[in-house]
Amino acid sequence: MTTAPDRERVAQRLQRSSARNSYDPEVDIDWSAPIPADRYAKPPQRCSLYGTRMWEELTEPERIRLSQQEVVSSVSSGIWFELILMQGLVRHVYNSDPTSEHAQYALTEIADECRHSTMFGKAIAKMYGKPIGPSRVSRRAGRVFGALAGPTLIFAGALFVEELADGMQREIMRDDTLQPLSRMVSRIHVTEEARHISYAKDELVRACAGLSRFQRANLKLWLAAMAYTATQEFIHPKTYATVGLDPRVAWRVAKDNPHWQATKIQWVRKAVALFEELDLIDGPGRRLWLAAGLLER
1 MTTAPDRERV AQRLQRSSAR NSYDPEVDID WSAPIPADRY AKPPQRCSLY GTRMWEELTE
61 PERIRLSQQE VVSSVSSGIW FELILMQGLV RHVYNSDPTS EHAQYALTEI ADECRHSTMF
121 GKAIAKMYGK PIGPSRVSRR AGRVFGALAG PTLIFAGALF VEELADGMQR EIMRDDTLQP
181 LSRMVSRIHV TEEARHISYA KDELVRACAG LSRFQRANLK LWLAAMAYTA TQEFIHPKTY
241 ATVGLDPRVA WRVAKDNPHW QATKIQWVRK AVALFEELDL IDGPGRRLWL AAGLLER
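If you read the sequence shown in full-length UniProt numbering, its first letter stands for residue 1, the second for the next number, and so on.
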(Lines of atoms letter the chains of each structure in order from A; the text may use other names.)
(Lines give C-alpha, C1' and ligand atoms only; values in the text may rest on other atoms or scores of the structure.)
Protein backbone atom coordinates (compact mmCIF):
# COMPACT_ATOMS: atom_id res chain seq x y z
CA MET A 1 0.00 0.00 0.00
CA THR A 2 1.31 3.45 -0.94
CA THR A 3 2.15 5.59 2.09
CA ALA A 4 2.49 9.37 2.21
CA PRO A 5 5.85 10.95 3.12
CA ASP A 6 6.20 13.92 5.44
CA ARG A 7 3.87 16.66 4.24
CA GLU A 8 6.21 19.60 4.83
CA ARG A 9 9.14 17.81 3.23
CA VAL A 10 7.11 17.12 0.08
CA ALA A 11 5.96 20.75 -0.14
CA GLN A 12 9.48 22.07 0.41
CA ARG A 13 10.83 19.84 -2.40
CA LEU A 14 8.10 21.02 -4.76
CA GLN A 15 8.74 24.65 -3.86
CA ARG A 16 12.43 24.26 -4.72
CA SER A 17 11.51 22.60 -8.01
CA SER A 18 9.12 25.45 -8.84
CA ALA A 19 11.86 28.01 -8.21
CA ARG A 20 14.26 26.13 -10.50
CA ASN A 21 12.01 25.09 -13.34
CA SER A 22 9.00 27.25 -14.16
CA TYR A 23 7.91 29.04 -17.32
CA ASP A 24 6.27 32.32 -18.24
CA PRO A 25 4.13 31.53 -21.31
CA GLU A 26 3.92 35.22 -22.18
CA VAL A 27 7.65 35.25 -23.03
CA ASP A 28 8.55 31.58 -23.45
CA ILE A 29 6.13 31.01 -26.35
CA ASP A 30 6.43 32.86 -29.66
CA TRP A 31 2.79 33.81 -30.09
CA SER A 32 3.51 35.66 -33.34
CA ALA A 33 4.76 32.53 -35.15
CA PRO A 34 2.35 31.16 -37.78
CA ILE A 35 0.82 27.70 -37.33
CA PRO A 36 2.00 25.34 -40.10
CA ALA A 37 -1.04 24.13 -42.04
CA ASP A 38 0.63 20.82 -42.93
CA ARG A 39 1.39 19.62 -39.38
CA TYR A 40 -0.84 17.76 -36.97
CA ALA A 41 -1.42 19.26 -33.51
CA LYS A 42 -1.29 15.81 -31.92
CA PRO A 43 -0.31 12.38 -33.28
CA PRO A 44 -2.95 11.28 -35.80
CA GLN A 45 -3.26 7.85 -34.16
CA ARG A 46 -4.37 9.66 -30.99
CA CYS A 47 -7.27 11.40 -32.70
CA SER A 48 -10.64 10.14 -31.53
CA LEU A 49 -11.80 8.98 -34.99
CA TYR A 50 -8.54 7.34 -36.04
CA GLY A 51 -9.07 3.84 -37.42
CA THR A 52 -12.74 4.39 -38.27
CA ARG A 53 -14.39 4.64 -41.67
CA MET A 54 -15.24 8.25 -40.87
CA TRP A 55 -11.52 8.99 -40.43
CA GLU A 56 -10.68 7.30 -43.74
CA GLU A 57 -13.21 9.49 -45.55
CA LEU A 58 -11.57 12.71 -44.32
CA THR A 59 -8.98 14.43 -46.49
CA GLU A 60 -5.50 14.94 -45.08
CA PRO A 61 -6.08 18.68 -44.46
CA GLU A 62 -9.34 17.79 -42.66
CA ARG A 63 -7.54 15.24 -40.46
CA ILE A 64 -4.93 17.85 -39.56
CA ARG A 65 -7.69 20.36 -38.83
CA LEU A 66 -9.50 17.83 -36.64
CA SER A 67 -6.32 17.11 -34.66
CA GLN A 68 -5.99 20.84 -33.99
CA GLN A 69 -9.61 21.20 -32.93
CA GLU A 70 -9.36 18.20 -30.62
CA VAL A 71 -6.44 19.93 -28.89
CA VAL A 72 -8.54 23.11 -28.67
CA SER A 73 -11.37 21.11 -27.08
CA SER A 74 -8.99 19.43 -24.63
CA VAL A 75 -7.41 22.67 -23.45
CA SER A 76 -10.87 24.31 -23.28
CA SER A 77 -11.89 21.61 -20.82
CA GLY A 78 -8.49 22.11 -19.14
CA ILE A 79 -9.31 25.75 -18.36
CA TRP A 80 -12.70 24.70 -17.02
CA PHE A 81 -11.22 22.16 -14.66
CA GLU A 82 -8.27 24.32 -13.59
CA LEU A 83 -10.71 27.02 -12.49
CA ILE A 84 -12.57 24.40 -10.43
CA LEU A 85 -9.28 23.17 -8.95
CA MET A 86 -8.20 26.69 -8.04
CA GLN A 87 -11.44 27.24 -6.12
CA GLY A 88 -10.76 24.08 -4.11
CA LEU A 89 -7.12 25.00 -3.49
CA VAL A 90 -8.05 28.49 -2.30
CA ARG A 91 -10.52 27.01 0.19
CA HIS A 92 -7.87 24.49 1.24
CA VAL A 93 -5.33 27.25 1.92
CA TYR A 94 -7.98 29.31 3.71
CA ASN A 95 -8.12 26.57 6.36
CA SER A 96 -4.33 26.03 6.49
CA ASP A 97 -1.45 27.63 8.34
CA PRO A 98 -0.07 30.22 5.87
CA THR A 99 3.41 29.89 7.39
CA SER A 100 3.60 26.19 6.46
CA GLU A 101 5.45 24.95 3.39
CA HIS A 102 2.31 23.01 2.51
CA ALA A 103 0.09 26.10 2.27
CA GLN A 104 2.76 28.10 0.48
CA TYR A 105 3.16 25.41 -2.18
CA ALA A 106 -0.62 25.36 -2.66
CA LEU A 107 -0.42 29.09 -3.40
CA THR A 108 2.43 28.43 -5.83
CA GLU A 109 0.27 25.85 -7.60
CA ILE A 110 -2.60 28.32 -7.83
CA ALA A 111 -0.22 30.78 -9.51
CA ASP A 112 0.88 28.04 -11.92
CA GLU A 113 -2.73 27.23 -12.79
CA CYS A 114 -3.48 30.90 -13.44
CA ARG A 115 -0.63 31.01 -15.98
CA HIS A 116 -1.74 27.72 -17.52
CA SER A 117 -5.29 28.95 -18.01
CA THR A 118 -3.98 32.14 -19.62
CA MET A 119 -1.67 30.08 -21.84
CA PHE A 120 -4.52 27.78 -22.87
CA GLY A 121 -6.74 30.77 -23.65
CA LYS A 122 -4.09 32.32 -25.89
CA ALA A 123 -3.46 28.97 -27.60
CA ILE A 124 -7.19 28.53 -28.28
CA ALA A 125 -7.38 32.04 -29.77
CA LYS A 126 -4.37 31.31 -31.97
CA MET A 127 -5.62 27.93 -33.18
CA TYR A 128 -9.36 28.53 -33.53
CA GLY A 129 -10.49 31.83 -32.08
CA LYS A 130 -12.94 30.52 -29.47
CA PRO A 131 -13.18 27.65 -26.97
CA ILE A 132 -14.96 24.38 -27.74
CA GLY A 133 -16.94 23.29 -24.67
CA PRO A 134 -17.55 22.34 -21.98
CA SER A 135 -21.29 21.82 -22.21
CA ARG A 136 -23.75 24.03 -20.34
CA VAL A 137 -24.73 21.16 -18.02
CA SER A 138 -21.12 20.37 -17.14
CA ARG A 139 -20.35 24.05 -16.60
CA ARG A 140 -23.20 24.28 -14.11
CA ALA A 141 -22.12 21.05 -12.41
CA GLY A 142 -18.56 22.36 -12.21
CA ARG A 143 -19.76 25.50 -10.46
CA VAL A 144 -21.37 23.39 -7.74
CA PHE A 145 -18.44 20.98 -7.56
CA GLY A 146 -15.91 23.80 -7.20
CA ALA A 147 -17.91 25.46 -4.45
CA LEU A 148 -18.73 22.38 -2.39
CA ALA A 149 -16.20 19.60 -2.99
CA GLY A 150 -13.91 18.82 -0.07
CA PRO A 151 -10.12 18.69 -0.41
CA THR A 152 -9.95 14.89 -0.74
CA LEU A 153 -12.26 14.88 -3.77
CA ILE A 154 -10.55 17.96 -5.21
CA PHE A 155 -7.14 16.28 -5.04
CA ALA A 156 -8.51 13.00 -6.45
CA GLY A 157 -10.17 14.87 -9.29
CA ALA A 158 -7.07 16.93 -9.96
CA LEU A 159 -4.94 13.79 -10.11
CA PHE A 160 -7.27 12.19 -12.66
CA VAL A 161 -7.60 15.21 -14.95
CA GLU A 162 -3.91 16.06 -14.77
CA GLU A 163 -2.90 12.49 -15.63
CA LEU A 164 -5.34 12.46 -18.57
CA ALA A 165 -3.88 15.68 -19.97
CA ASP A 166 -0.33 14.58 -19.12
CA GLY A 167 -0.72 11.36 -21.10
CA MET A 168 -1.70 13.29 -24.21
CA GLN A 169 0.77 16.13 -23.83
CA ARG A 170 3.84 13.98 -23.17
CA GLU A 171 3.31 12.40 -26.56
CA ILE A 172 2.78 15.78 -28.21
CA MET A 173 5.86 17.47 -26.76
CA ARG A 174 8.17 14.59 -27.83
CA ASP A 175 7.03 14.51 -31.46
CA ASP A 176 8.98 17.03 -33.53
CA THR A 177 6.71 16.48 -36.55
CA LEU A 178 3.82 18.24 -34.80
CA GLN A 179 2.87 21.93 -34.67
CA PRO A 180 5.42 23.91 -32.58
CA LEU A 181 2.74 25.79 -30.62
CA SER A 182 1.02 22.59 -29.55
CA ARG A 183 4.39 21.08 -28.55
CA MET A 184 5.52 24.10 -26.48
CA VAL A 185 2.19 24.47 -24.68
CA SER A 186 2.39 20.76 -23.87
CA ARG A 187 6.00 20.99 -22.66
CA ILE A 188 5.22 23.84 -20.26
CA HIS A 189 2.14 22.13 -18.91
CA VAL A 190 3.81 18.72 -18.47
CA THR A 191 6.81 20.23 -16.68
CA GLU A 192 4.77 22.16 -14.14
CA GLU A 193 1.92 19.66 -13.78
CA ALA A 194 4.42 16.98 -12.71
CA ARG A 195 4.70 18.89 -9.42
CA HIS A 196 0.93 19.26 -9.15
CA ILE A 197 0.48 15.52 -9.65
CA SER A 198 3.01 14.78 -6.89
CA TYR A 199 1.22 17.20 -4.54
CA ALA A 200 -2.23 15.76 -5.29
CA LYS A 201 -1.01 12.18 -4.94
CA ASP A 202 0.59 12.90 -1.57
CA GLU A 203 -2.55 14.58 -0.25
CA LEU A 204 -4.86 11.88 -1.57
CA VAL A 205 -2.83 9.00 -0.09
CA ARG A 206 -2.72 10.76 3.27
CA ALA A 207 -6.45 11.54 3.25
CA CYS A 208 -7.49 8.02 2.22
CA ALA A 209 -5.67 6.51 5.19
CA GLY A 210 -8.18 8.16 7.51
CA LEU A 211 -11.44 7.64 5.61
CA SER A 212 -14.36 5.90 7.25
CA ARG A 213 -16.27 3.24 5.31
CA PHE A 214 -19.05 5.72 4.51
CA GLN A 215 -16.61 8.43 3.44
CA ARG A 216 -14.75 6.03 1.14
CA ALA A 217 -18.00 4.85 -0.48
CA ASN A 218 -19.07 8.47 -1.01
CA LEU A 219 -15.68 9.39 -2.47
CA LYS A 220 -15.80 6.43 -4.88
CA LEU A 221 -19.12 7.56 -6.32
CA TRP A 222 -18.24 11.25 -6.65
CA LEU A 223 -14.83 10.45 -8.14
CA ALA A 224 -16.43 8.15 -10.71
CA ALA A 225 -18.95 10.84 -11.66
CA MET A 226 -16.19 13.42 -11.97
CA ALA A 227 -13.99 11.11 -14.10
CA TYR A 228 -16.92 10.27 -16.37
CA THR A 229 -17.84 13.94 -16.86
CA ALA A 230 -14.25 15.09 -17.41
CA THR A 231 -13.67 12.35 -19.99
CA GLN A 232 -16.89 13.15 -21.85
CA GLU A 233 -15.87 16.81 -22.03
CA PHE A 234 -12.31 16.10 -23.21
CA ILE A 235 -13.50 16.02 -26.84
CA HIS A 236 -16.69 18.07 -27.22
CA PRO A 237 -19.12 17.06 -30.02
CA LYS A 238 -18.82 20.54 -31.57
CA THR A 239 -15.22 19.63 -32.43
CA TYR A 240 -16.38 17.43 -35.29
CA ALA A 241 -18.52 20.15 -36.85
CA THR A 242 -15.34 22.12 -37.60
CA VAL A 243 -14.49 19.57 -40.31
CA GLY A 244 -18.03 19.21 -41.61
CA LEU A 245 -19.08 16.11 -39.66
CA ASP A 246 -22.38 15.61 -37.89
CA PRO A 247 -21.40 16.23 -34.23
CA ARG A 248 -23.74 13.65 -32.72
CA VAL A 249 -22.90 10.90 -35.20
CA ALA A 250 -19.14 11.52 -35.02
CA TRP A 251 -19.21 11.65 -31.21
CA ARG A 252 -20.92 8.25 -31.08
CA VAL A 253 -18.43 6.80 -33.58
CA ALA A 254 -15.56 8.08 -31.44
CA LYS A 255 -17.15 6.74 -28.26
CA ASP A 256 -17.29 3.23 -29.76
CA ASN A 257 -13.88 3.46 -31.44
CA PRO A 258 -11.53 0.83 -29.90
CA HIS A 259 -8.47 2.92 -30.84
CA TRP A 260 -9.81 5.89 -28.89
CA GLN A 261 -10.84 3.71 -25.96
CA ALA A 262 -7.33 2.22 -25.81
CA THR A 263 -5.82 5.71 -25.94
CA LYS A 264 -7.88 6.95 -22.99
CA ILE A 265 -7.03 3.84 -20.97
CA GLN A 266 -3.33 4.34 -21.65
CA TRP A 267 -3.38 8.02 -20.76
CA VAL A 268 -5.08 7.50 -17.37
CA ARG A 269 -3.44 4.19 -16.40
CA LYS A 270 -1.28 5.72 -13.65
CA ALA A 271 -4.22 7.45 -11.99
CA VAL A 272 -6.41 4.35 -12.28
CA ALA A 273 -3.66 2.15 -10.80
CA LEU A 274 -3.38 4.45 -7.77
CA PHE A 275 -7.15 4.67 -7.32
CA GLU A 276 -7.42 0.88 -7.41
CA GLU A 277 -4.60 0.58 -4.88
CA LEU A 278 -6.46 3.01 -2.62
CA ASP A 279 -9.74 1.11 -3.14
CA LEU A 280 -11.47 4.01 -4.90
CA ILE A 281 -12.81 2.17 -7.97
CA ASP A 282 -15.51 -0.21 -6.86
CA GLY A 283 -19.23 -0.58 -6.32
CA PRO A 284 -21.80 1.42 -8.34
CA GLY A 285 -19.17 3.93 -9.43
CA ARG A 286 -17.26 1.26 -11.36
CA ARG A 287 -20.03 1.25 -13.97
CA LEU A 288 -19.31 4.92 -14.67
CA TRP A 289 -15.60 4.18 -15.13
CA LEU A 290 -16.54 1.46 -17.63
CA ALA A 291 -19.09 3.68 -19.39
CA ALA A 292 -16.40 6.33 -19.85
CA GLY A 293 -14.13 3.74 -21.47
CA LEU A 294 -11.43 4.09 -18.80
CA LEU A 295 -11.13 0.46 -17.68
CA GLU A 296 -10.33 -2.76 -19.51
CA ARG A 297 -13.44 -4.91 -19.75
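The C-beta atom is built at its ideal place from N, Cα and C for all residues, glycine as well.
For residue 31, the number of other beta carbons within 10 angstroms of its own is below 16, and it is reported as exposed.
Remark: C-beta atoms of residue 76 and residue 25 do not approach each other more closely than 8 Å. Here residue 129 carries a coil assignment [DSSP, helix/strand/coil].
The closest CA to that of residue 124, considering only 215, 246 and 41, is found on 41.
For residue 269, the three-state secondary structure derived from DSSP is helix.
In this structure residue 73 is in contact with residue 133, their Cβ atoms being roughly 6 Å apart against a cut-off of 8 Å. In the structure shown, residue 236 adopts coil according to DSSP, grouped into three states.
Secondary structure note for residue 208: its alpha helix (DSSP H) is the uninterrupted segment 180-208.
Judged by beta-carbon spacing, residue 173 lies within the 8 Å limit of residue 190, meaning their Cβ atoms are closer than that value. Note on geometry: alpha-carbon atoms of residue 50 and residue 260 lie some 7 Å from one another.
A straight line joining the alpha-carbon of residue 201 with that of residue 272 spans about 12 Å.
Residue 288 is positioned such that its CB atom lies closer than 8 Å to that of residue 224.
One thing to note: residue 117 has its Cβ within 8 Å of the Cβ of residue 79. If you draw a straight line from the Cα of residue 229 to the Cα of residue 39, it comes to about 30 Å. Residue state for residue 94 is assigned as helix, using DSSP reduced to three classes. By the Cβ rule, the segment 206-221 counts as touching the segment 273-287, because three or more pairs are nearer than 8 Å.
Straight-line spacing of the CA atoms in residue 36 and residue 265 works out to 30 Å. Within the same chain, 192 come within 6 Å of residue 112 by CB-CB distance, once the 5 residues on both sides are set aside.
Of the candidates 149, 126, 121 and 46, the residue whose Cα lies closest to the Cα of residue 86 is 149.
Nearest in C-alpha terms to residue 83, of all of 54, 71, 121 and 100, is 121.
The C-beta distance from residue 294 to residue 227 rounds to 6 Å, short enough to meet the 8 Å contact threshold.
Here residue 257 is buried, its C-beta having at least 16 other C-beta atoms within 10 Å. With a threshold of 16 other beta carbon atoms within 10 Å, residue 285 meets it and is buried.
Counting along the chain, residue 152 sits inside the alpha helix (DSSP H) bounded by residues 151-174.
The criterion of a C-beta distance shorter than 8 Å is not satisfied by residue 197 and residue 48. Residue 7 and residue 102 have their alpha carbons spaced roughly 7 Å apart. Across the structure, residue 93 and residue 291 are spaced so that their CA atoms are roughly 35 Å apart. Within the same chain, Cβ atoms closer than 7 Å to the Cβ of residue 263 are found at 46, the five residues on either side in sequence being excluded.
DSSP, reduced to helix, strand and coil, places residue 84 within a helical segment of the structure shown.
Excluding its 5 nearest sequence neighbours in each direction, residue 255 has C-beta neighbours in its own chain below 8 Å: 293, listed in chain order. Taking 8 Å as the upper bound for CB-CB distance, residue 159 and residue 204 are in contact here, some 6 Å apart.
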